[in-house]
Structure formats: structure tokens, C-alpha cells
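Heads up, the thing below is written out as C-alpha cells.
There are 2 protein chains.
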Amino acid sequence: MKLRELRTPAALVELDVVARNCRRMGERVARLGAKLRPHVKTHKTVEAARLSVQGHFGGVTVSTLAEARALVDAGFRELVWAVPVALDKLSDVAALAARVESFGVLVDHPRTAAELAGAAKSLGVSLEVWLKVDCGYHRAGVDPKARESVELARALANSPGLRLRGVLTHAGHAYDARSLDELRAIARSERELTVAFAERLRGAGVPIADVSIGSTPTLSVADDLTGVTEVRPGNYVFFDAFQAALGSCTLADAAFSVLASVLGAHPARRELVLDAGALALSKDTGARHVDPRCGYGRVTELDGTLRPELELVSLSQEHGKVRVTGDVDWSRLAPGAKLRVIANHSCLAAAQFERYAVVRGDEVVDEWRPARGW
Amino acid sequence: MKLRELRTPAALVELDVVARNCRRMGERVARLGAKLRPHVKTHKTVEAARLSVQGHFGGVTVSTLAEARALVDAGFRELVWAVPVALDKLSDVAALAARVESFGVLVDHPRTAAELAGAAKSLGVSLEVWLKVDCGYHRAGVDPKARESVELARALANSPGLRLRGVLTHAGHAYDARSLDELRAIARSERELTVAFAERLRGAGVPIADVSIGSTPTLSVADDLTGVTEVRPGNYVFFDAFQAALGSCTLADAAFSVLASVLGAHPARRELVLDAGALALSKDTGARHVDPRCGYGRVTELDGTLRPELELVSLSQEHGKVRVTGDVDWSRLAPGAKLRVIANHSCLAAAQFERYAVVRGDEVVDEWRPARGW
Chain V
1 MKLRELRTPA
11 ALVELDVVAR
21 NCRRMGERVA
31 RLGAKLRPHV
41 KTHKTVEAAR
51 LSVQGHFGGV
61 TVSTLAEARA
71 LVDAGFRELV
81 WAVPVALDKL
91 SDVAALAARV
101 ESFGVLVDHP
111 RTAAELAGAA
121 KSLGVSLEVW
131 LKVDCGYHRA
141 GVDPKARESV
151 ELARALANSP
161 GLRLRGVLTH
171 AGHAYDARSL
181 DELRAIARSE
191 RELTVAFAER
201 LRGAGVPIAD
211 VSIGSTPTLS
221 VADDLTGVTE
231 VRPGNYVFFD
241 AFQAALGSCT
251 LADAAFSVLA
261 SVLGAHPARR
271 ELVLDAGALA
281 LSKDTGARHV
291 DPRCGYGRVT
301 ELDGTLRPEL
311 ELVSLSQEHG
321 KVRVTGDVDW
331 SRLAPGAKLR
341 VIANHSCLAA
351 AQFERYAVVR
361 GDEVVDEWRP
371 ARGW
Chain C
375 MKLRELRTPA
385 ALVELDVVAR
395 NCRRMGERVA
405 RLGAKLRPHV
415 KTHKTVEAAR
425 LSVQGHFGGV
435 TVSTLAEARA
445 LVDAGFRELV
455 WAVPVALDKL
465 SDVAALAARV
475 ESFGVLVDHP
485 RTAAELAGAA
495 KSLGVSLEVW
505 LKVDCGYHRA
515 GVDPKARESV
525 ELARALANSP
535 GLRLRGVLTH
545 AGHAYDARSL
555 DELRAIARSE
565 RELTVAFAER
575 LRGAGVPIAD
585 VSIGSTPTLS
595 VADDLTGVTE
605 VRPGNYVFFD
615 AFQAALGSCT
625 LADAAFSVLA
635 SVLGAHPARR
645 ELVLDAGALA
655 LSKDTGARHV
665 DPRCGYGRVT
675 ELDGTLRPEL
685 ELVSLSQEHG
695 KVRVTGDVDW
705 SRLAPGAKLR
715 VIANHSCLAA
725 AQFERYAVVR
735 GDEVVDEWRP
745 ARGW
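Below, the structure is given as C-alpha cells:
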């Protein structure tokens, strides 16, 4: 089947670009001397997860139990669920842990630690835990400077039924960086704060085997991973318009896009309507802090040629409105014409689709089904 | 099953609120003397569609062919697909049309009209069309002042195989209103422009049987539907935080919410982390133009009591970050606690879920499955 024959809106994944992105990140991380535990939350597929662990130890990171179940069913044996573990899901965690070599969960609160220890005891299992550290993003994680953080680490290390594996962070504030210099500074502090915290814990007698950090933007600039044992980037498998604006990649590295049909063309008001709206692309507003004209994604031809004069300025549920800012041949943009949109945020856009059409050039060569939901 | 036993994040639909919303809108539209053809795009379910057509003629509006198929399978017989028809889906349209009394599609471009007429001829069918009119939203639709718009109407009326049913508009710019006065003005102009255009077409000899307008905000303030034959509001079935900010409803009318667990509590930085992130709530930024502190939804207790001091200030893929702006009992907000979030935009949030838990008080009484995708 040809790409242009797909019903729109359709999720497209460029197989060769995914493979290249995986190879490059794999080589980069190996060169920096860390283990790669790629995050699968962007694509949520077994197929892309396999490509991303090639040449590495096979460990992966998940954001949901749905992703975890799909990967465990497919034979993955070392997983970390990189969201603070939810107390209503401890029996699911124990059931998954029983099927694999390691299924790590995150803890950043004494109550979670106590409940987890209680569940391990009552279920008669041993659960692997990571202490989640806040390295400046201020979303989840303990304060690496606080005395209570050492106490929590010690409680985890001393709880029968829990095995404290290490400390783990994610510098999500890297996405707010306004320059490569700022990004590099965040990457440095992500490593330094987390490694220093691990040293502090070791100094206090708490054994810390692993130090896990990383995001796609920080890994794209990091030049020193001393003290870090593993990294967990994920978005790089697909990349997106946000990462390109940030400088983590170029638009040519974006492996995910949405195929759309022109539904309406209005030369008098210089606008097009596409059938890719908020439900196909998500309402992620993109990297506006570094690219104020990013709109809701970047429009390209079917062969990937950028059409910068076609600005995707607004989305409603099933409509994408394009402002035409340059000279165009309107006869080639009439209803029925097809275009592609590189999403601002591939993680959110990809999750809108039941299936991805995997393409090579203009040929559809495969279909992947993401593990959606929770 | 009790509401609090649901695995989070979970989509909750309050059955009695849906029924009340449907009854009120149904009575309102009947009083105004128009037919009600409710839009199903917000809930995408057969069950809510049935509640919304009670006491009316049974016609519905859809935004996708997936919704259309689900409703036709369930016995609905009068549908309008309220997005300009996509030329790659004409055989699907013909197949659906063959199963029902009427399946209307929208046209706003001469090329679409020509292709549709060609498809009707080659498939040997007759297709019902509506001329889509732009009443000021400037998304889809023809300019009601332009000469070409009359020509397009005439072409539709004269095409063998096409049956021009009427004109149809949607005042989506009502969502940008900054006051009730502004909203009323938009509602008035939605009706006046569209009715005047219908009169102009009739004056030019083009028969226009139906005039279809409407959105939830404009219908919430409209006091005159003279010349209008049917209206197509949809969001009112669930309502949401956006509509409440706009004044179309109160927060107590919001029938859709997301049940979330507290994953982390950080008293030192006065923050909570919930397991309802961008994939559960969508990144719709809400009615910020009238409610700058709307965040990404409104947090409530399980019984619906508003917690205005819990501000949902940011969302990442699986995390929702809450800023705690008032005095709270932190022991009741520890990990494992449950809260609800009234989404900013129920249409986008509901579409993230495979199923809705239908609740009455704290009891789960049913499960509905939306027709997602395309």
C-alpha cells in the first residue's frame, strides 16, 4: 500500500528514521559509558522498544502498566515504571514483578514507602524500588538537600521486602531551556545533583548501586556521565517539532507525523482546513518560548519537504486551520490534497492513534499498535 | 462497585447530571421552536445519544465516521457529519447513507461538490448535502456575502445525485466571548447571518428546506430562533470547566470528570502530583481569557465539593501538578488519596478513555464505551 492511500488522519512512523535515531542514541550513550534504559512512553510499542534496546542490556522504562504488560508479554525482563507508584496498583506491580528479572518502582514519600513495604510483606514478595530525586524540575521527587530524603532512603534500604536499587531523576525542566547553553547547564546539574546525592547516601551508609538520569534534551548535549550508571531518554525514538526547536534534533529526524487531507481551501481568507485536529495532534502548544511561530506542528509535503508558508495556527476537535503566509499554487491545495504534520509533541499525538502506519519512502511496510491507556 | 474503588485515572460520568442536562436543553430548544439534532462528539456514546434525543425527532450530529457507524449500528436513522466531507471517504459515506433515512454531509468548496456529484453518479446513489456557511468563526464554510456562495448552492441544488437539504453553520467563535453580552451578540449574528443567507438563496431560486445552527454557548443564551429549523449543540451533555467559565452552565452541571490518585505530596514546596496528566485530561488550556486561573481543570472531592485551593497548574504526560494555595490537611492529601478533576474541555478529555464509569452518587452503575478514532 502507498502512503497516500491511507485513510486520514493517519499516524505515520518512518522506519528508517526510527532505526537511525535509535542507533545514534545507542552509540552516544555507549560512548559516554552508561547503560541505556530507553523510555517507551513516546511510541508505546514492542517494535520500537526492540529497536531502541539493540546493542544494550535490554532494560526499558515505562510510564503506564499498560506499556509494562505489553512489553513483559513480549519478553522484556528489566523494567522501571518511572512515575511514583500508585498505591491502588501494588498487586499489579507484584504480579508483573513475579514474571521478570526486575520491575522497579519509584518512591518519593514516606507513606508510599510504608505501604509498599506492607504490600510486599502481605503478598510475600520482594519489590525493587528507586528513590525518585528532584533535580530541579519540581514535579516528583525528594529534595536532594533535605535531611528527610536520607531518612527515606534509609527506610527503603532497611525495609524487609524492598530492595533499594538506586536513585533516579528526570530533568524535565530541560524542555523550558531557551538556549543550548541553558540546556547544557541543566544537563550538567541533572548529573551533578544526582551523583552528589548518591554519594551523600553512600556516606550515610545507604547502599546505592545505580544512578539513573536522563531525558532526550539533556542526553543530546551531555558530554560527561561520570557517576551515572544508566540513562532513560525516550522521545528521541520519534523526536518531534518541539525537540527540533530546542536543538535536540533537526526536523529531518522527526520519525512521527500525521497524514492529513485538505477538507477546505479558502483563498479569499488565505486558509486551509485539514482533518487533523486536536484529537489527532493533541493541543500541545509546542516550544513557543524558543519558536513563537511553531503553531500546532509543522506542515510538510508527503515526501517530507517542509512547507513553512503553511502555518497550522489553530486546532479544534477534528479541524486543523492552516494560515497560508506565502505564494502557493491553490490548485494543489484543493480539497482532497494530502499533507503531513510533524506534531509538536509526538508522545501526546502518537497516543491518539490505535495504530501507526510504518512507512519507508512512500510505501507502507508495517503496522504497529501502541499499548494505550492505563 | 464504589467510585473510590476504580483504578485511576478513570473517566467518570454522572448519569443524573447527563439526564438533567439533556432534559434542560431539550426543553429549551422545544420552547424556542426548533428541532434538536444533538452533536455526539463530546461523549461519542450510543447511551448518551439516546438520552439527548429523548422527546425530539431522533436526528444526531457526528464528527467522525466512527461515531456514525456506532450510532447507525444502534438504530439511529438521521445523521449529519458536521465536518466538510473528506474526498477519500465518499464510498464510506455512500455505504452509511444506504442504511439510514438521511446521512447529510457538508460542502463548502466547488471541488468537493464536483467530486461528491461524481461519486454519487458512479456509485448510483443520491447523497444529502448541506452547504456549510461561515458565520464569523472563519474555520470552515463559505462566505455568506460572496457571489460564489450562491453559485455553489445552485450547483449543489442542480447536481443529479445530490440533494441540497439546507444551510448549516457553527459559531465556534462563541468560545472566545469575554462576556455574556458578547456571547449574546454572537448568538444573534449566528442566526441572523445564516437565516439571511438562506433567504438570499431562496430569492435566487435555490430551494433551502433547512437552516441548522448552534453550539452549546450560543444555545445557552439564544432567545430567538426565527427562521432556524434545527440546532446542533453537543457539549452540554457533559459540559465542562470551560463552559462554566463562559457562563453556559455552572460547575455543578459538569457531568464528566477524571478520578485521580495522589502520587506525591510535597508540603515543603506546597505541591501535589496526581496520576491524571496530559493523556487523561488533554492539554486544553481552558477559558483563560475569562478565567486566568483555570489551570488544566478544577479539582474537587470525590463527592464533587470544589477544592479551589488545589490548582492544577501543569500537566505532563502522566503527571498532573497541583499547587496548594490555601490551608489544607496534608494527612488527607498523602499518596493514595483520591480527587476528581473537572476537565477544561470534556470533548478532548473523554476521548482519551476506552470506557467511562457511569456513576450515581458514589456507586458505579454502568459502563459506556465511546466510539473513538476515525
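Residue numbers (our numbering), protein chains in the order written: chain V, 1 to 374; chain C, 375 to 748.
Each residue gets a CB set at the ideal place from its N, CA and C atoms; glycine is no exception.
**Report entry** residue 502 (chain C), buried or exposed, once every other Cβ within 10 Å from all chains shown has been counted against 16
**Finding:** In the second sequence, counting from the first residue as 1, residue 502 (chain C) sits at position 128. Label assigned to residue 502 (chain C): buried.
Query raised in the report: Just checking, does the stretch 547-567 of chain C make contact with the stretch 392-399 of chain C on the three C-beta pairs under 8 Å criterion?
Result: Flag = no, the stretch 547-567 of chain C and the stretch 392-399 of chain C do not touch.
**Report entry** Stretch pair the stretch 287-305 of chain V + the stretch 328-342 of chain V: three plus CB contacts closer than 8 Å
**Finding:** Verdict: yes, contact present.
Requested in this report: Round the Cβ separation of residue 630 (chain C) and residue 614 (chain C) to the nearest angstrom and send it over; I've been treating them as touching at under 8 Å.
Outcome: Looking up residue 630 (chain C) in the second sequence gives position 256. Looking up residue 614 (chain C) in the second sequence gives position 240. The beta-carbon distance between residue 630 (chain C) and residue 614 (chain C), rounded to whole angstroms, is 7 Å. This is short enough to meet the 8 Å contact definition.
Query - Close beta carbons around residue 15 (chain V), own chain, < 6 Å, minus the five adjacent residues each side - result: Mapped onto the first sequence, residue 15 (chain V) falls at position 15. Closer than 6 Å at the Cβ level, and outside the excluded window around residue 15 (chain V), lie 358, 360.
Requested in this report: Would you grab the beta carbon distance between residue 93 (chain V) and residue 85 (chain V) for me? Rounded to a whole angstrom, and I think it's under 8 Å.
Outcome: Stepping through the first sequence from its first residue, residue 93 (chain V) is reached at position 93. Stepping through the first sequence from its first residue, residue 85 (chain V) is reached at position 85. Indeed they touch by this definition, with Cβ atoms about 6 Å apart.
Query raised in the report: Would you say residue 721 (chain C) reaches chain V, if we count a Cβ-Cβ gap shorter than 7 Å as a contact?
Result: For the purposes of this step, residue 721 (chain C) is taken as the residue at position 347 of the second sequence. Among the residues facing chain V, residue 721 (chain C) is included, as its CB has a counterpart in that chain under 7 Å away.
**Report entry** chain C contacts from the stretch 79-103 of chain V (Cβ-Cβ distance under 8 Å)
**Finding:** Of all residues in the stretch 79-103 of chain V, 83, 84, 85, 86, 87, 88, 89 have a Cβ within less than 8 Å of some Cβ in chain C.
Query raised in the report: Going by beta carbon distance, what residues of the same chain come within less than 8 Å of residue 107 (chain V), once the five residues before and after it are set aside?
Result: Within the first sequence, the letter at position 107 stands for residue 107 (chain V). Around residue 107 (chain V): 84, 85, 113, 116, 129, 130, 131, 132, 152, 156.
Query raised in the report: Can you name the residues that DSSP bridges to residue 356 (chain V)?
Result: Within the first sequence, the letter at position 356 stands for residue 356 (chain V). Beta-bridge pairing links residue 356 (chain V) to V:11, V:368.
**Report entry** residue 613 (chain C) (DSSP reduced to helix, strand or coil)
**Finding:** Taking the first residue of the second sequence as position 1, residue 613 (chain C) is located at position 239. Coil.
Query raised in the report: Does the beta carbon of residue 649 (chain C) sit closer than 7 Å to a beta carbon anywhere in chain V?
Result: Along the second sequence, read from residue 1 onward, the residue named residue 649 (chain C) stands at position 275. Yes, because at least one Cβ of chain V sits closer than 7 Å to the Cβ of residue 649 (chain C).
Query raised in the report: Where does residue 305 (chain V) sit, in a helix, a strand or coil, going by DSSP?
Result: Working through the first sequence from its first residue, we reach residue 305 (chain V) at position 305. Residue 305 (chain V): coil per DSSP, three-state reduction.
Report task. Figure out for me which residue from C:473, C:704, C:456, C:532 has the closest Cα to the Cα of residue 438 (chain C). Result -> Working through the second sequence from its first residue, we reach residue 438 (chain C) at position 64. Here the closest residue by C-alpha is C:456.
Query raised in the report: Using a beta-carbon distance below 7 Å, is residue 45 (chain V) in contact with chain C?
Result: Along the first sequence, one-based indexing puts residue 45 (chain V) at 45. Not an interface residue.
Query raised in the report: Would you report the Cα separation of residue 272 (chain V) and residue 200 (chain V), rounded to the nearest angstrom?
Result: Start at 1 with the first residue of the first sequence, and residue 272 (chain V) comes out as number 272. Start at 1 with the first residue of the first sequence, and residue 200 (chain V) comes out as number 200. In this structure, the alpha-carbon of residue 272 (chain V) lies about 58 Å from that of residue 200 (chain V).
Query raised in the report: Taking DSSP as the reference, what is the three-state secondary structure of residue 458 (chain C)?
Result: Position 84 of the second sequence, counting from 1, holds the residue named residue 458 (chain C). Residue 458 (chain C): strand per DSSP, three-state reduction.
Query raised in the report: DSSP on residue 692 (chain C), reduced to helix/strand/coil?
Result: Here residue 692 (chain C) refers to the residue found at position 318 of the second sequence. DSSP, reduced to helix, strand and coil, places residue 692 (chain C) outside both helices and strands of the structure shown, so it counts as coil.
Report task. Take the Cβ of residue 609 (chain C) as the centre, count every other Cβ of all protein chains shown within 10 Å, and call the residue buried at 16 or more, exposed below. Result -> Here residue 609 (chain C) refers to the residue found at position 235 of the second sequence. Classification of residue 609 (chain C): buried, given that the 10 Å Cβ count is 16 or more.
Requested in this report: Could I get the ranges of all uninterrupted alpha helix (DSSP H) runs contained in the stretch 62-130 of chain V, with 4 residues as the minimum, in chain order?
Outcome: Here the runs fully enclosed are 65-73, 90-97, 110-123.
Query raised in the report: Mind checking if residue 705 (chain C) is an interface residue toward chain V, Cβ cutoff 7 Å exclusive?
Result: The residue given as residue 705 (chain C) occupies position 331 in the second sequence. In terms of beta-carbon proximity, residue 705 (chain C) stays away from the interface with chain V, with every pair separated by 7 Å or more.
Query raised in the report: By Cβ distance, which residues of its chain are closer than 8 Å to residue 30 (chain V), with the 5 residues on each side in sequence left out?
Result: Taking the first sequence and counting its residues from 1, the one referred to as residue 30 (chain V) is at position 30. Cβ neighbours of residue 30 (chain V) beyond the five flanking positions: 36, 55, 56.
Requested in this report: Tell me, please, whether the stretch 207-221 of chain V touches the stretch 257-270 of chain V by the rule of three or more beta-carbon pairs shorter than 8 Å.
Outcome: In short, these stretches do not touch, since the Cβ pair count stays below three.
Report task. Give the residues of chain C in contact with residue 220 (chain V), contact being defined as C-beta atoms less than 9 Å apart. Result -> Taking the first sequence and counting its residues from 1, the one referred to as residue 220 (chain V) is at position 220. Within chain C, no residue comes near residue 220 (chain V); the closest Cβ sits about 19 Å away, beyond 9 Å.
Query raised in the report: What does residue 584 (chain C) pair with, by DSSP beta-bridge criteria?
Result: Looking up residue 584 (chain C) in the second sequence gives position 210. Per the DSSP secondary-structure output, residue 584 (chain C) pairs in a beta bridge with C:540.
Query - Neighbour list for residue 319 (chain V) in chain C, Cβ cutoff strictly below 8 Å - result: Residue numbering aside, residue 319 (chain V) sits at position 319 when the first sequence is read from its first letter. The answer, in chain order, is 457, 513, 514.
Report task. Output, in sequence order along the chain, the residues in the stretch 283-312 of chain V whose CB is closer than 7 Å to any CB in chain C. Result -> Listed by position along the chain: 283, 284.
Query raised in the report: When you compare only the Cα positions, how much space is there between residue 670 (chain C) and residue 320 (chain V)?
Result: The residue given as residue 670 (chain C) occupies position 296 in the second sequence. The residue given as residue 320 (chain V) occupies position 320 in the first sequence. Cα to Cα, residue 670 (chain C) sits roughly 22 Å from residue 320 (chain V).
Query raised in the report: Quick one: is residue 174 (chain V) buried, meaning 16 or more other Cβ sit within 10 Å of its Cβ, or exposed?
Result: Residue numbering aside, residue 174 (chain V) sits at position 174 when the first sequence is read from its first letter. Buried, because 16 or more other Cβ atoms sit within 10 Å of the Cβ of residue 174 (chain V).
Query raised in the report: Is the CB of residue 278 (chain V) under 7 Å away from at least one CB in chain C?
Result: Numbered from 1 along the first sequence, position 278 holds the residue referred to as residue 278 (chain V). Residue 278 (chain V) has a beta carbon lying within less than 7 Å of a beta carbon in chain C.
Query raised in the report: How about the stretch 138-152 of chain V and the stretch 117-124 of chain V: do they share at least three Cβ pairs that are nearer than 8 Å?
Result: Between the stretch 138-152 of chain V and the stretch 117-124 of chain V, the count of C-beta pairs closer than 8 Å stays below three; the two stretches do not touch.
Query raised in the report: Going by the beta-carbon positions, is the gap between residue 612 (chain C) and residue 416 (chain C) smaller than 7 Å?
Result: In the second sequence, residue 612 (chain C) corresponds to position 238, counting from 1. In the second sequence, residue 416 (chain C) corresponds to position 42, counting from 1. Taking 7 Å as the Cβ cut-off, residue 612 (chain C) and residue 416 (chain C) qualify as a contacting pair.
Query - contact_flag[the stretch 327-336 of chain V, the stretch 280-295 of chain V] where n(CB pairs < 8 Å) is 3 or more - result: Proximity of the stretch 327-336 of chain V to the stretch 280-295 of chain V falls short of the contact definition, fewer than three beta-carbon pairs being nearer than 8 Å.
Query raised in the report: Of the choices V:326, V:165, V:208, V:330, whose alpha-carbon is the least far from that of residue 102 (chain V)?
Result: Here residue 102 (chain V) refers to the residue found at position 102 of the first sequence. It is V:165.
**Report entry** Nearest candidate by alpha-carbon position, reference residue 387 (chain C), set C:621, C:724, C:479
**Finding:** For the purposes of this step, residue 387 (chain C) is taken as the residue at position 13 of the second sequence. Taking only the C-alpha atoms, the option nearest residue 387 (chain C) is C:724.
Query raised in the report: So, are the CB atoms of residue 745 (chain C) and residue 463 (chain C) less than 7 Å apart?
Result: Reading the second sequence from its first residue, position 371 is the one you call residue 745 (chain C). Reading the second sequence from its first residue, position 89 is the one you call residue 463 (chain C). Not closer than 7 Å, so no.
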